[in-house]
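Chains as they are written, first to last, in the numbering used here: chain A, 1 to 136; chain B, 1 to 388.
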Amino acid sequence: MSDQPRKPLPKPSSLSQPFWDGLAAGELRLQRCDSCDTYVFYPRPYCPRCLSEALTWTAVSGRGRVYTYTIVRRAMHPAFQLEVPYVFAIVELEEGPRVETNVVGCAPEDVRVEMPVKAVYDMTTAGIALLKFEPA
Amino acid sequence: MSLKRAAAITGLAEMAPRASAEGLSTMGIWADVSRQAILDAGLEPSDIDGLLVAPPIVDMVAMWPSHLGEYLDIHPRYANIVDLGGASAAGMVWRAAAAIQSGLCRTVLCVSGEASDVETFYAPRSKRPTQQLPQREFVAPYGPMGANSGYAQIAMRHMHEFGTTGRQLAKVAVDQRTNAAANPDALYRDPLSVDDVLSSPLIVDPLHLYEIVRPCTGGAAFVVVSADAAGSSAQTPAWLLGAGEATRGVMLAQVASITTSPVAQSAPLAFEMAGVTPADIDLISVYDCYTITVVVTLEDAGFCEKGRGGPFVEEHDLTYRGDLPLNTHGGQLSFGQPGLAGGMSHVTEAVRQLQGRGGERQVADCELAFVNGNGGIMSEQSSLVLGV
Numbered sequence: 001m002s003d004q005p006r007k008p009l010p011k012p013s014s015l016s017q018p019f020w021d022g023l024a025a026g027e028l029r030l031q032r033c034d035s036c037d038t039y040v041f042y043p044r045p046y047c048p049r050c051l052s053e054a055l056t057w058t059a060v061s062g063r064g065r066v067y068t069y070t071i072v073r074r075a076m077h078p079a080f081q082l083e084v085p086y087v088f089a090i091v092e093l094e095e096g097p098r099v100e101t102n103v104v105g106c107a108p109e110d111v112r113v114e115m116p117v118k119a120v121y122d123m124t125t126a127g128i129a130l131l132k133f134e135p136a
Numbered sequence: 001m002s003l004k005r006a007a008a009i010t011g012l013a014e015m016a017p018r019a020s021a022e023g024l025s026t027m028g029i030w031a032d033v034s035r036q037a038i039l040d041a042g043l044e045p046s047d048i049d050g051l052l053v054a055p056p057i058v059d060m061v062a063m064w065p066s067h068l069g070e071y072l073d074i075h076p077r078y079a080n081i082v083d084l085g086g087a088s089a090a091g092m093v094w095r096a097a098a099a100i101q102s103g104l105c106r107t108v109l110c111v112s113g114e115a116s117d118v119e120t121f122y123a124p125r126s127k128r129p130t131q132q133l134p135q136r137e138f139v140a141p142y143g144p145m146g147a148n149s150g151y152a153q154i155a156m157r158h159m160h161e162f163g164t165t166g167r168q169l170a171k172v173a174v175d176q177r178t179n180a181a182a183n184p185d186a187l188y189r190d191p192l193s194v195d196d197v198l199s200s201p202l203i204v205d206p207l208h209l210y211e212i213v214r215p216c217t218g219g220a221a222f223v224v225v226s227a228d229a230a231g232s233s234a235q236t237p238a239w240l241l242g243a244g245e246a247t248r249g250v251m252l253a254q255v256a257s258i259t260t261s262p263v264a265q266s267a268p269l270a271f272e273m274a275g276v277t278p279a280d281i282d283l284i285s286v287y288d289c290y291t292i293t294v295v296v297t298l299e300d301a302g303f304c305e306k307g308r309g310g311p312f313v314e315e316h317d318l319t320y321r322g323d324l325p326l327n328t329h330g331g332q333l334s335f336g337q338p339g340l341a342g343g344m345s346h347v348t349e350a351v352r353q354l355q356g357r358g359g360e361r362q363v364a365d366c367e368l369a370f371v372n373g374n375g376g377i378m379s380e381q382s383s384l385v386l387g388v
């Protein structure tokens with residue numbers, strides 16, 4: 001196994017750790033600005049909209065729609081080449097922010113723009129769960 | 001303050017792209033095109049007091065301008081790296097003009113290029129220092145295929161919002177190939193049809209192999225001189241008439257609308273400075289890393305209505321002998337994309353055409369050109385209007 005190419009995994013920072021902790025616990029948590037009610041993603045030290053530092057980690061629905069996607073048929077990274085074809089997508093969460101992700105749980109050809117999806121938590125061997133989506 | 005007629009491009013040189021980097025060095029290519037550009041401008045090395053360098057993608061080191069200055073034995077008083085990705089070349093033009101106008105220098109040599117090929121480009125980068133960018137934490141784990149997957153996502157969304165078709169996108173590659181056939185320096189010159197493009201392998205849906213640039217070796221340079229010096233130049237001055245630049249975040253998930261690019265801001269600035277409109281343009285020379293890039297750029301620059309880019313490229317003949325000459329050198333898709341020098345080719349081709357040095361592919365009565373440089377996943381945009 002050690003000869004297998006390994007996928008790049010996130011290295012959480014102190015700022016982003018609550019996000020990754022949430023995924024590992026099977027929950028999608030985003031920063032929400034106490035001042036202007038905006039959800040912030042990716043994690044930041046302050047709200048880029050109103051500059052407030054009062055951000056609270058908040059569990060969100062995990063529901064969203066496919067904003068756009070592509071089917072990767074040739075990967076640049078050798079570890080991902082083992083998995084082609086796969087769907088590399090941007091999902092727009094119900095709460096507003098968009099995330100880059102994979103759509104799983106269906107054939108790549110069945111994915112459509114604006115398709116409703118829900119979050120799934122893909123636990124890796126490194127103990128980090130990735131945020132992916134499947135058809136809702 | 002306007003840069004209108006503050007400076008002009010005179011001399012230029014460009015290496016014919018080649019598929020293999022074997023035996024070539026980046027510095028060697030830079031020195032070669034620099035020398036030729038200085039000669040072409042009828043100048044001497046001592047005349048060069050400004051130096052702008054767009055760095056190579058495959059060989060990032062510190063202080064490139066200093067290394068090149070030493071290599072060329074010139075002593076610029078204005079030396080900078082310009083890194084706006086593929087927008088670097090266009091970005092160098094106006095930065096050179098601004099430096100000249102402000103009196104920082106009189107003559108700026110702008111250089112880019114690299115010794116690269118498919119093997120070098122895709123070599124493991126594991127030994128290079130990695131930076132903890134959000135991109136790495138929140139995108140890389142999901143397997144993006146470099147810029148390819150980002151542009152594919154733009155194309156997919158564009159098709160959804162506007163009904164753009166694969167045949168329309170393919171038309172860009174086909175017309176540019178016709179142009180490349182008239183350019184002896186182009187890497188790909190064999191005839192290409194819409195069906196050829198659509199039957200080439202899907203790499204990242206909806207983009208096919210022939211809609212995607214390939215890494216190669218090449219380089220280019222040009223010289224920007226003051227208005228005074230342009231009058232006595234060895235070449236017809238191609239005047240900078242307008243410039244505009246705009247940027248956005250690099251991560252597509254952070255962008256409000258991925259189907260509209262910052263060209264919507266940069267191009268109007270350039271047109272306004274020049275006092276012209278898209279309808280006045282004789283030659284369109286715009287960054288074409290993918291077919292979708294051209295379609296979005298044409299819309300956002302105002303050549304057609306937003307969302308109408310697909311039908312627009314289908315309705316017009318984009319070849320050098322057509323009603324809407326576009327990327328007459330073949331574009332990067334057919335000419336080649338030697339790193340950031342791929343974006344140089346849109347500048348050099350525009351200057352060549354304006355100077356009447358287009359050879360077989362010369363556009364008749366070419367007096368006004370629109371140039372657009374594009375970096376990242378349409379995140380950096382630098383727009384120019386050049387004219388004679």
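Where is the CB? At the ideal position from N, CA and C, for every residue including glycine.
Report yes if the CB atom of residue 45 of chain B is closer than 8 Å to the CB atom of residue 81 of chain B, and no otherwise.
-> no
What do you reckon, are the CB atoms on residue 173 of chain B and residue 192 of chain B nearer than 8 Å?
-> yes
Keeping to the same chain, check which residues put their C-beta closer than 8 Å to that of residue 362 of chain B; ignore five residues upstream and five downstream.
-> 320, 353 and 356
Does the beta-carbon distance from residue 116 of chain A to residue 86 of chain A come in below 8 Å?
-> no
Of the residues A:18, A:97 and A:88, which one's Cα is nearest the Cα of residue 103 of chain A?
-> A:88
Candidates B:240, B:257 and B:242: which alpha carbon is nearest residue 248 of chain B's?
-> B:257
Straight-line Cα distance separating residue 132 of chain A from residue 126 of chain A = 16 Å
Collapsed DSSP secondary structure at residue 29 of chain B in the structure displayed = helix
heavy atom of the ligand MN below 7 Å from residue 85 of chain B C-beta = The ligand MN is not part of the structure shown, which contains no ligands of any sort.
Kindly identify the DSSP beta-bridge partner or partners of residue 132 of chain A.
-> A:120
What is the rounded straight-line gap between the Cα of residue 6 of chain B and the Cα of residue 21 of chain A?
-> 56 Å
If residue 111 of chain B and residue 53 of chain B are in contact, beta carbons under 8 Å, what's the gap, nearest whole angstrom?
-> 5 Å
Touch test, the region 43-63 of chain A against the region 91-98 of chain B, Cβ-Cβ under 8 Å, three pairs minimum = no
Roughly how many angstroms lie between the CA atoms of residue 143 of chain B and residue 56 of chain B, to the nearest whole one?
-> 24 Å
Quick one, which of A:112, A:29 and A:35 has its alpha-carbon nearest residue 93 of chain A's?
-> A:29
Based on Cα-Cα distance, which residue from A:81, A:113 and A:17 lies nearest to residue 7 of chain A?
-> A:81
Which term fits residue 118 of chain B, buried or exposed, when burial requires 16 or more other beta carbons within 10 angstroms of its beta carbon?
-> exposed
What does residue 184 of chain B reach in chain A if we use C-beta pairs closer than 7 Å?
-> Chain A residues near residue 184 of chain B: none, gap ~31 Å exceeds 7 Å.
Per-residue DSSP class, three states only, for residue 45 of chain B = helix
Looking at C-alpha atoms only, which residue of B:272, B:152 and B:282 is the closest neighbour of residue 391 of chain B?
-> No statement about residue 391 of chain B is possible, as the shown extent of chain B runs from 1 to 388 and does not include it.
If you draw a straight line from the alpha carbon of residue 262 of chain B to that of residue 381 of chain B, how long is it in whole angstroms?
-> 6 Å
Looking at the unbroken beta strand (DSSP E) that takes in residue 244 of chain B, where does it start and where does it end?
-> 238-247
Could you please give me the residues that DSSP links to residue 156 of chain B through a beta bridge?
-> Answer by DSSP bridge pairing: none, since residue 156 of chain B is not bridged.
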